[in-house]
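Heads up, the thing below is written out as structure tokens.
Numbering (the numbering used here), first residue to last: 20 to 732.
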């Protein structure tokens, strides 16, 4: 606690202590008010302005300190100043005092609460930002909630001070008026219960519910305005129509069918989406082949020598397609039909909030549906580089069609896709030049993690060009050339094939979003429940963002299905609190939660603990003694805020941290868990051990040293 906070705490404590030590509460009783009413009234008649200001200050200070007696002061305002002036005095004094208590709570407690309960407070702040005034008004209208608790609790939220003041003034006005009016008839009051009857309290409770009810009604009216001009069907053919059979669409349809709703899944190309056909599955199959081709470079360390491999590129690509074929049945039309999903192969168009037209080989099928989920995925983003679109360029979408291995390939982009494919083609024998305009590959990872991969790419023969921009593609008599710029100088790089891997863009056109006025901004704009402007039309997966991972698409699918099928009875906000991801090059880099880069960007204070995998027994035995485990925790605490693993099987090893973060397990729990020896997973336990050693209780250890010294005597 800094000096300013300490001084404020001392002042508040001294004032509250003085109140009780000097027995000032004896003046804030109904008996005292009634017995001194005439004397006080005479003084006020003679010194009205001074008395009014003094009473206001006393009331405000008493409210700010949260000492008992606010009800008596309100009665006194009416008894001594009359209803009009008394209401003005009590209303402003109580609001000013409440705001002072609010500001003191914010100054003293906000930072501590933010550091201790960051995730929960972040969620609360979002709700307060959106509906804070409604919540506060409801609390102020119901006198059964202690106002001093409201002051303290609201102080640690993000509600604006001015909003807090005017809502408090408005919300407390009716209750204040009741007490002030009662004060004008003080002689008839023998106890406070004479004012707060059960009927009056019930009236206040109903009044407090009114803002929430009003919000619900306004929301319903807003929804009616959204749907204005559209004719809702009397009944529906389907409970749900899902557009797109990638990861998000498949899981959404599966869940919908599992809970016995009638669902149609529409796919215009191939079941399984990008992940199966052009993304995760083929790229990992290609990486597997490239690792086999690379074995002869490392096997000699174990005393085993291989001749240089002969790569049959056509056979490699055939194997890639064979793997796709072996997985296809999992995502096939036949399987999903057997699960109860109606699958339609064709192009879907949303023609109204409750109607989808499907263009199939047999014509147009029109379906009315209570809900729609957009899961149309994404495609490779192709930058506007002069000359690029004049040649036969490759992306991760069409790469798998080639049968002849390029001798010289340029890979544009240093993200996960670019790095994985650069390494794969490089190890298979292609001369690869990788262009990245940033200062490192994998821009979202920490520099120390990215450096491990950069070093390995260069060892694999990749000509890695960082801080380099692609300017133009030129076609010459000798072949294609990429013009690049580095440090203000231009260079020409010849190539046979160029692979564009600079990111993905959502598929937003061709299925009716424009006609319905559904907003987009690189992705479909949704709220926290994955709803678009129309609550019955939702979006999930790459088309919705904010992450473009297969596993987050599947994660969102549950929320999309449940929120669509059970609205308005119950809907759920999507939980993005623990999101893992990995780059499957060698070495693998896997991250969950915060890393040092994102923590710095978000202004979150963290403590970093590392363990070098180079010292792990199993890593040494397997010749994988490269990389590290890095864990970010709250300073001085074992709560895990994020983890990054660099090394063999990092994606598999990360699962332990994902589980720990999801269920609130700290490093002490990991350290107390038995890990099989010798395994790579021991690295996770060892990093927890490093944290424990750094937080060893030095005073306790010093005492134990003296204790054991004494026992040796």
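Glycine included, each C-beta is placed from N, C-alpha and C at the ideal position.
Predicted, not measured: the structure shown is a model, and the values here were computed from it.
| query | result |
| --- | --- |
| Does residue 456 come out as helix, strand or coil in the three-state DSSP assignment? | coil |
| Quick one: is residue 97 buried, meaning 16 or more other Cβ sit within 10 Å of its Cβ, or exposed? | buried |
| On the premise that residue 643 lies in contact with residue 667, defined as a C-beta separation below 8 Å, what is that separation, rounded to the nearest angstrom? | 4 Å |
| Please say whether residue 376 and residue 264 have beta carbons closer to each other than 9 Å? | no |
| Taking a contact to mean a Cβ-Cβ separation below 9 Å, would you say residue 74 touches residue 112 in this structure? | yes |
| State the beta-bridge partners of residue 630 as determined by DSSP. | 648 |
| Determine the direct distance from the alpha carbon of residue 255 to that of residue 542, and round the result to whole angstroms. | 28 Å |
| Can you tell me the Cα-Cα spacing of residue 609 and residue 135, whole angstroms? | 26 Å |
| With a 10 Å radius around its C-beta and 16 neighbouring C-beta atoms as the bar for buried, classify residue 649 as buried or exposed. | buried |
| With contact counted as at least three CB pairs below 8 Å, one residue from each stretch, are the segment 285 to 297 and the segment 426 to 439 in contact? | no |
| Going by C-alpha distance, which of 61, 90, 704 is nearest residue 692? | 704 |
| From this set, 127, 152, 149, 345, which residue's C-alpha is nearest residue 175's C-alpha? | 127 |
| If you draw a straight line from the C-alpha of residue 225 to the C-alpha of residue 197, how long is it? | Confidence in residue 225 is poor, its pLDDT being 48 and thus under 50, which makes the residue's placement unreliable; the coordinate value appears in the next sentence. Distance between the alpha carbons of residue 225 and residue 197: 16 Å. |
| Quick one: measure Cβ to Cβ for residue 592 and residue 547, integer angstroms, because I've assumed they're closer than 8 Å. | 4 Å |
| Can you tell me whether DSSP reads residue 547 as helix, strand or coil? | coil |
| Does DSSP put residue 599 in a helix, a strand or coil? | strand |
| Could you spell out the range, first to last residue, of the alpha helix (DSSP H) harbouring residue 505? | First-last for residue 505: 498 to 505, but that is the beta strand (DSSP E), not the alpha helix (DSSP H). |
| If I follow the unbroken alpha helix (DSSP H) through residue 286, where does it start and stop? | Not the alpha helix (DSSP H): residue 286 falls in the beta strand (DSSP E), residues 282 to 286. |
| State buried or exposed for residue 158, treating a residue as buried only when at least 16 other CB atoms are found within 10 Å of its CB. | buried |
| Using C-beta distances below 6 Å, list every residue in its chain close to residue 366, excluding the 5 sequence neighbours before and after it, in chain order. | 287, 378 |
| Identify every run of the beta strand (DSSP E) within the segment 514 to 559, keeping only runs that are complete inside it and at least 3 residues long; order them along the chain. | 516 to 519, 523 to 525, 556 to 558 |
| Within its chain, find whatever has a CB closer than 7 Å to the CB of residue 91; leave out the 5 residues flanking it on each side and keep chain order. | 47, 48, 49, 52 |
| Mind reading off the beta-carbon distance from residue 604 to residue 472? Whole number of angstroms is fine, and I expect it under 8 Å. | 6 Å |
| Does the pairing of the segment 520 to 529 with the segment 378 to 398 give three or more beta-carbon distances under 8 Å? | yes |
| Label residue 253 either buried or exposed according to how many other C-beta atoms from any shown protein chain fall within 10 Å of its C-beta, with 16 as the threshold for buried. | exposed |
| What runs of the beta strand (DSSP E), each 3 residues or longer, lie entirely inside the segment 649 to 681? | 659 to 666 |
| Assign residue 727 to one of two classes, buried (16 or more other C-beta atoms within 10 Å of its C-beta) or exposed (fewer than that). | exposed |
| Under DSSP, the alpha helix (DSSP H) around residue 3 begins and ends at which residues? | The question about residue 3 has no answer here: the residues shown for the chain are numbered 20 through 732. |
| Check whether the Cβ atoms of residue 584 and residue 259 lie closer than 9 Å to each other. | yes |
| Distance check for residue 274 and residue 392, CA to CA, integer angstroms please. | 13 Å |
| Can residue 560 and residue 575 be called in contact, C-beta distance under 9 Å? | yes |
| When we look at the beta-carbon of residue 582 and count the other beta-carbons within 10 Å, is it buried (16 or more) or exposed? | buried |
| Could you pull the start and end residues of the beta strand (DSSP E) that residue 482 belongs to? | 482 to 484 |
| Going by C-alpha to C-alpha distance, which of 683, 244, 302 sits closest to residue 340? | 302 |
| Please work out which residues of its chain come closer than 7 Å, Cβ to Cβ, to residue 200, disregarding the five sequence neighbours upstream and downstream, and give them in chain order. | 97, 102 |
| Go ahead and pull the three-state DSSP assignment for residue 220. | Any reading at residue 220 needs caution, since the residue's pLDDT is 49, under 50, leaving its predicted position unreliable; the model's value is listed next. Three-state DSSP puts residue 220 in a helix. |
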